[in-house]
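The next block holds one structure in the form of structure tokens; read it before the comments.
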Amino acid sequence: MPDLLVEIGCEELPAWACDEASAQLPSLVERGISAAGLAPDETRVHVGPRRLALIVLGLPAQRPAERREVRGPRADAPEAARAGFARKHGVSADALEERDGTLWAMLEGSATPLESLVPDIVRGAIGGLQFSKTMRWDGGRFARPIRWLVVKIDDAVVPMEAAGVTSGELSQGHRFLGGPVRLGAARSYLEDVRSARVVADAGERRELIEAGLDSCGEWIDPMGKLPEVVHLVEWPAVLEGRFDERYLELPPRVPVTAMQSHQRYFPVVEAGRLAPRFLFVSNGSTDPGVVVAGNQDVLMGRLEDAAFAYGRDLDLGIEAMSAELDRVSFLEGSGSLADKVQRVAALAAQLAERQEADAATRAAVLRAAQLSKADLVSGLVSEFADLQGYAGSVYARHAGEDDAVADAIEEHHQPVEAGGSLPASEAGALLAVADKVDTIAVAFALGAQPTGSRDPYGLRRAAAGVVAITLERQLELGLAELIGLAVQMLVADGRDLKRRPLEVVPDAVGFVLDRVEPVLTGEGVSVEEIRAARGAGHGAPLPLAELARALRDERGSERLAALRDAYGRCVRIAAKGESEMAPTFDSGLLRDPAERELYASLQATDEQLADCVARRDFGCALSVAADLVPAVNRFFDDVLVMDPDPAVRGNRLKMVHNVASALRSVGDLDQLPG
Amino acid sequence: MQTYQDMISALQAFWQAEGCAIMQPYHTEVGAGTSNPATFLRVLGPRPWRTAYVEPSIRPDDGRYGENPYRFQQFFQYQVILKPAPADVQDVYLGSLQAIGIDLAEHDIRFVEDNWESPTLGAWGLGWEVWMDGMEITQFTYFQQAGGIEVDPVAVEFTYGLERLGMYLQGVKRAQDMIWAPGVTWGDVYEENERQFSTYNYEVADTSMLARHFDDHEAEARRCLEAGLPLAAYDQALKCSHAFNLLDARRAVAVTDRAAYILRVRALSQAVARAYLDQQAGGGEGDA
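Protein chains in written order, with my numbering: chain A, 446 to 1119; chain B, 127 to 414.
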């Protein structure tokens, strides 16, 4: 059985493009192959910075002939039409078959050789890749230019063109150590390119790199650079460099960041402490000594910059940095970072009050808020942006601030990524929420909210952070009030809002609540239960999450089914009679015992419900709401809502509406499946 | 020992042999060689264009009074434009490294993703920073847009940082110690320059004059555009840009005005680019 080899030769693809290709290519190739009517034994994809390789083993040599029937003209069509149809399909007019008055051509077809099916498969793979960022060059559009193409079935080249290049069997090996290399058949691909100093398989490169690193000692990768490094080399060689011990006197994250950010070096730990050594992955060289010396110089320059900036920052002090913030702009149109600090402090104060935080925590939050952005003008952060927060905490401690203040400054950027660690201290958590809510509120007020996939201010991440922290810490969040406060302060500062505050607040609240959904889905809450819980209108992540969980726990119970039906009836009747509904309810108009009973039950339930909801005990709320069901059912059985007297009718509609509103505090249950 | 000027001569000779027109630095302050009209305007439109030149990069806010080993308010870039970009463009570029004495197999040379954008020029491109033994030596960019206009055919730009490259090749830790010519160091030529200009940029420059100049040059650029003189208008736009950079170094740009200044320069760059292209399309096709 023939094997297919395709190698798409590229100028250096970014690591993310390699990852995207490696995720998409297998299914693109499989789709292309099955669209061609073929079924291989095995498909493999190898991805690296200069080549995307597809290997398909055990393909049939041809697609077998396929019998087809083609519908023609009616049997009583003119002679010329019948003859023309037969000619077009290469059969004689006598051979046409008649069925129900229509002529059909029976075509035996012919087998299609594999080599004429392959070009579409290759073009489908190249054209089907969806990179998150592409560029133009004279050959087309891709993550980076395509420069060569190898397409072979066993030992034979399949001639074709794609992306401005013509297929052949000549590949390029390692850029400097390999040179051009003629590729054999698919099964020898990895060995063929290896002979030209290329490890084509990303998994193998990763293993080689890890083994090389392991052999040099205990290495760390706190910034997660290894996956990227795997796609920065084709012929990995782990090398080791050293730096002057005096840089170890810097706060430990400083040298670690100097090594890891941009340079992608791996720090070494000895006996729990950073060692004056670093490991890095070169792409091979004839003189590793030269490469090590060069990298040592680069790192020394970076460490020297860091040490210089650190010293200058210490001399300046965090207070002086804070005073500079009025010169740094925050989100365009919202003023400076100094303005942001004032808003964050106000939000944090409101939040701390709501949490009834103790005096020490309140004091720490407020102090930390004032200092939280100071490090953005520090020399260290301008050299190494990843140190924001950490640098501030170091400088705060140096200035004699309490640990609680320093910790809150460091923690307020957390979580740095989805699933990342959350602030460990209460002050840090409150400050983190205040900071993120402010950013969201400001962006929405200035019309800079995310659209489609564009989220330049990272608002989705900020909202997910607010959700993660509030759920973990069970924070009482007056989200609408907090957002309202930030917007109000913008207005008071004379900022030119792009949208009306009345639109901004519910939009921004909804945006944050959207981020609760993935958390709940992960806990087994269904989409319908989330939608029902959203319908209750609780404007903060915590009550939304707890109600959704209560609905999940109640799933399938008879009580819930009865509640949903009763609620549904109320909603539908109230909606139908909306135009006739009395503006206010008048208990003096009640006549029937069943309606009096419903009224009395509603009054009793209303208060209990409010109490359960206030305690966020939605199990309790559901059972209180369920208690109302018999009275609702009796009412609908005994009483005709649409009474001939318009006053009575309007009043009953109003009561039904009130019942629906009360029940909605346990969710818009109509959203649940029947 | 290859002096700094030897290295520059070798690059000039190499790119001349590659068919580049060797231009000279522009007469008006620019932050990067890209702003020289030999790049910014010539990459527009359909005509092929190959050029190479040294450009002093003037960045008032990067001055360190000559005390920092690799940060200066004026340093040198070597700028190359190949339009259209040839299919073997990476190999051609690597040849230029060999021309200045770099053994490609001995070093670890890598193309690491880096994308470039200039807000004041309305320009962006995709490419790499070229690393040699972990050090960034060249910005390598496929121009996708300039002046808000698609660059078609795509042009490639190389920007070499000459100080870094020279320091590495000479094995010195401070640019000031680099041998410029026999008996002359980089520091002999520019150390005092750095001190004086840092002082001027940060402490002395008259900010109300600069703000006025910005407005005047902007108005003059508009007048030039109306008179059908995009080249003259572009010089005025560059002067706006430099006035803004000085104001920024003097910390005289209020936060709320910063974005507006940048937008004003970009609006000029884009208007110049459109006018330049219109003239090319209208009058110059015959000699393309």
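Glycine included, C-beta positions come from ideal geometry on N, C-alpha and C.
Everything numeric in this text was worked out from a predicted model, so none of it was measured.
Exercise. DSSP beta-bridge partners for residue 454(A)?
Worked result: One-based indexing of the first sequence puts residue 454(A) at position 9. Looking at the DSSP output, residue 454(A) shares a beta bridge with 496(A), 593(A).
Exercise. Is it true that the CB of residue 139(B) sits closer than 9 angstroms to the CB of residue 207(B)?
Worked result: The residue you call residue 207(B) lines up with position 81 of the second sequence. The residue you call residue 139(B) lines up with position 13 of the second sequence. Going by C-beta atoms, residue 207(B) is not nearer than 9 angstroms to residue 139(B).
Exercise. Which parts of the segment 243 to 305 of chain B are runs of the beta strand (DSSP E), unbroken and 3 residues or longer, counting only runs that do not cross its ends?
Worked result: 249 to 258, 261 to 272, 282 to 287
For this session: Report the partner residues of residue 209(B) according to the DSSP bridge assignment.
Result: In the second sequence, counting from the first residue as 1, residue 209(B) sits at position 83. DSSP, once it has assigned bridges, lists 175(B) as partnering residue 209(B).
Exercise. In the DSSP assignment, what residue or residues form a beta bridge with residue 664(A)?
Worked result: As a first step, residue 664(A) is located in the first sequence; it is residue number 219 there, counting from the start. BP columns for residue 664(A) point to 713(A).
Problem set entry | C-alpha distance - residue 691(A) paired with residue 657(A), whole-angstrom precision | Position 246 of the first sequence holds residue 691(A). Position 212 of the first sequence holds residue 657(A). Their Cα atoms are separated by approximately 27 angstroms.
For this session: Find the residues of chain A that neighbour residue 268(B), judging by a C-beta separation of less than 7 angstroms, and give them in chain order.
Result: Taking the first residue of the second sequence as 1, we reach residue 268(B) at position 142. Neighbours of residue 268(B) in chain A, taken as residues at a C-beta separation under 7 angstroms, are given in chain order as 580, 582.
Exercise. Closer than 9 angstroms, Cβ to any Cβ of chain B: which residues of the segment 651 to 678 of chain A, in chain order?
Worked result: 677, 678
Problem set entry | Three-state secondary structure (DSSP) of residue 312(B) | Along the second sequence, one-based indexing puts residue 312(B) at 186. Looking at residue 312(B) - three-state DSSP - the assignment turns out to be helix.
Exercise. Would residue 456(A) be called buried (16 or more neighbouring beta carbons within 10 Å of its own) or exposed?
Worked result: Residue numbering aside, residue 456(A) sits at position 11 when the first sequence is read from its first letter. It counts as buried.
Problem set entry | Own chain residues within Cβ distance below 6 angstroms of residue 1101(A), not counting five before or after | Residue mapping note: residue 1101(A) aligns to position 656 of the first sequence, counting from 1. Its chain contains 1015, 1018, 1019 as the residues whose beta carbon lies nearer than 6 angstroms to that of residue 1101(A), once the 5 sequence neighbours on both sides are disregarded; these appear in chain order.
Exercise. Who are residue 488(A)'s beta bridge partners in DSSP?
Worked result: In the first sequence, residue 488(A) corresponds to position 43, counting from 1. DSSP, once it has assigned bridges, lists 501(A) as partnering residue 488(A).
Exercise. What is the rounded straight-line gap between the Cα of residue 143(B) and the Cα of residue 881(A)?
Worked result: The residue labelled residue 143(B) in the question sits at position 17 within the second sequence. The residue labelled residue 881(A) in the question sits at position 436 within the first sequence. Whole-angstrom Cα-Cα distance: 56 angstroms.
Problem set entry | Interface residues of chain B facing residue 622(A) [CB-CB closer than 7 angstroms] | What you label residue 622(A) is simply residue 177 of the first sequence in a count that begins at 1. Residues of chain B passing the Cβ test: 231.
Exercise. Residue 508(A) to residue 535(A), Cα distance in whole Å?
Worked result: Position 63 of the first sequence, counting from 1, holds the residue named residue 508(A). Position 90 of the first sequence, counting from 1, holds the residue named residue 535(A). Their Cα atoms are separated by approximately 21 angstroms.
For this session: Just the C-alpha distance for residue 934(A) and residue 926(A), rounded to the nearest angstrom, thanks.
Result: As a position in the first sequence, residue 934(A) is number 489, starting the count at 1. As a position in the first sequence, residue 926(A) is number 481, starting the count at 1. One C-alpha to the other measures close to 12 angstroms.
For this session: Drop a sphere of 10 angstroms on the beta-carbon of residue 660(A), count the other beta-carbons inside from all chains shown, and report buried for 16 or more, exposed for fewer.
Result: Taking the first residue of the first sequence as position 1, residue 660(A) is located at position 215. Residue environment: residue 660(A) is assigned as exposed (fewer than 16 neighbouring CB atoms within 10 Å of its CB, all protein chains considered).
Exercise. What are the partner residues of residue 148(B), as DSSP defines its beta bridges?
Worked result: The residue given as residue 148(B) occupies position 22 in the second sequence. BP columns for residue 148(B) point to 178(B).
For this session: Sort 914(A), 462(A), 1112(A) by Cα distance to residue 673(A) and report the nearest one.
Result: Indexing the first sequence from 1 puts residue 673(A) at position 228. Nearest Cα to residue 673(A) within the set 914(A), 462(A), 1112(A): 462(A).
For this session: Measure from the C-beta of residue 280(B) to each C-beta in chain A and report whether the shortest distance is under 9 angstroms.
Result: Working through the second sequence from its first residue, we reach residue 280(B) at position 154. So, interface residue.
Exercise. Within 9 angstroms (strictly less), CB to CB, does residue 239(B) reach chain A?
Worked result: Indexing the second sequence from 1 puts residue 239(B) at position 113. Yes - at least one Cβ of chain A is within 9 angstroms of the one on residue 239(B).
For this session: State the start and end residues of the unbroken alpha helix (DSSP H) segment that holds residue 614(A).
Result: The residue given as residue 614(A) occupies position 169 in the first sequence. Where residue 614(A) is concerned, there is no enclosing alpha helix (DSSP H), given that its DSSP letter is neither H nor E.
Problem set entry | Within chain B, the residues that residue 731(A) reaches when beta carbons sit closer than 7 angstroms | For the purposes of this step, residue 731(A) is identified with residue 286 of the first sequence, where counting begins at 1. Result: 231, 232.
Exercise. According to the neighbour-count rule (16 or more other Cβ atoms, all chains shown, within 10 Å of its Cβ), is residue 525(A) buried or exposed?
Worked result: Stepping through the first sequence from its first residue, residue 525(A) is reached at position 80. Answer is exposed; the Cβ neighbour count stays below 16.
Exercise. Quick one: complete alpha helix (DSSP H) runs, 4+ long, within the segment 991 to 1055 of chain A?
Worked result: 1003 to 1021
For this session: Assign residue 731(A) to buried or exposed, taking buried as 16 or more other Cβ atoms, counted over all protein chains shown, within 10 Å of its Cβ.
Result: For the purposes of this step, residue 731(A) is identified with residue 286 of the first sequence, where counting begins at 1. Exposed, by the Cβ-count rule.
Problem set entry | CB contact below 9 angstroms: residue 746(A) versus chain B | Position 301 of the first sequence holds residue 746(A). Taking Cβ atoms only, chain B reaches closer than 9 angstroms to residue 746(A), which makes this a yes.
Exercise. So residue 719(A) is in the alpha helix (DSSP H); what residue range does that whole segment cover?
Worked result: Working through the first sequence from its first residue, we reach residue 719(A) at position 274. That residue, residue 719(A), is in no alpha helix (DSSP H); its beta strand (DSSP E) goes 718 to 727.
Problem set entry | Distance between residue 886(A) and residue 287(B) (C-alpha atoms, nearest Å) | Position 161 of the second sequence, counted from the start, is the residue given in the question as residue 287(B). Position 441 of the first sequence, counted from the start, is the residue given in the question as residue 886(A). Using only the alpha carbons, I get a separation of about 42 angstroms.
Problem set entry | Partner residues on chain B for residue 1103(A), Cβ-Cβ distance less than 8 angstroms | Counting from one through the first sequence, the residue named residue 1103(A) turns up at place 658. Near residue 1103(A) there are no residues of chain B at all, since even the closest Cβ is about 50 angstroms away, more than 8 angstroms.
Exercise. Bridge partners of residue 588(A), per DSSP?
Worked result: Within the first sequence, residue 588(A) is the residue found at index 143, counting from 1. BP columns for residue 588(A) are empty, so no partner.
Problem set entry | Own chain residues within Cβ distance below 6 angstroms of residue 257(B), not counting five before or after | Here residue 257(B) refers to the residue found at position 131 of the second sequence. For residue 257(B), where only same-chain residues beyond five positions count, the Cβ hits under 6 angstroms are 236, 238.
Exercise. Between residue 190(B) and residue 200(B), what straight-line distance do the alpha-carbon atoms span, to the nearest angstrom?
Worked result: Looking up residue 190(B) in the second sequence gives position 64. Looking up residue 200(B) in the second sequence gives position 74. The alpha-carbon atoms of residue 190(B) and residue 200(B) are separated by roughly 10 angstroms.
Problem set entry | Residue range of the unbroken beta strand (DSSP E) whose run includes residue 579(A) | Position 134 of the first sequence, counted from the start, is the residue given in the question as residue 579(A). That residue, residue 579(A), is in no beta strand (DSSP E); it is neither H nor E in DSSP.
Exercise. When the cut-off is 9 angstroms and only beta carbons count, does residue 194(B) lie next to chain A?
Worked result: On the second sequence, residue 194(B) is found 68 positions in, with the first residue counted as 1. It does: the Cβ of residue 194(B) has a partner Cβ on chain A nearer than 9 angstroms.
Exercise. Since residue 258(B) meets chain A, which of its residues come closer than 8 angstroms, beta carbon to beta carbon?
Worked result: Within the second sequence, residue 258(B) is the residue found at index 132, counting from 1. In chain order: 739.
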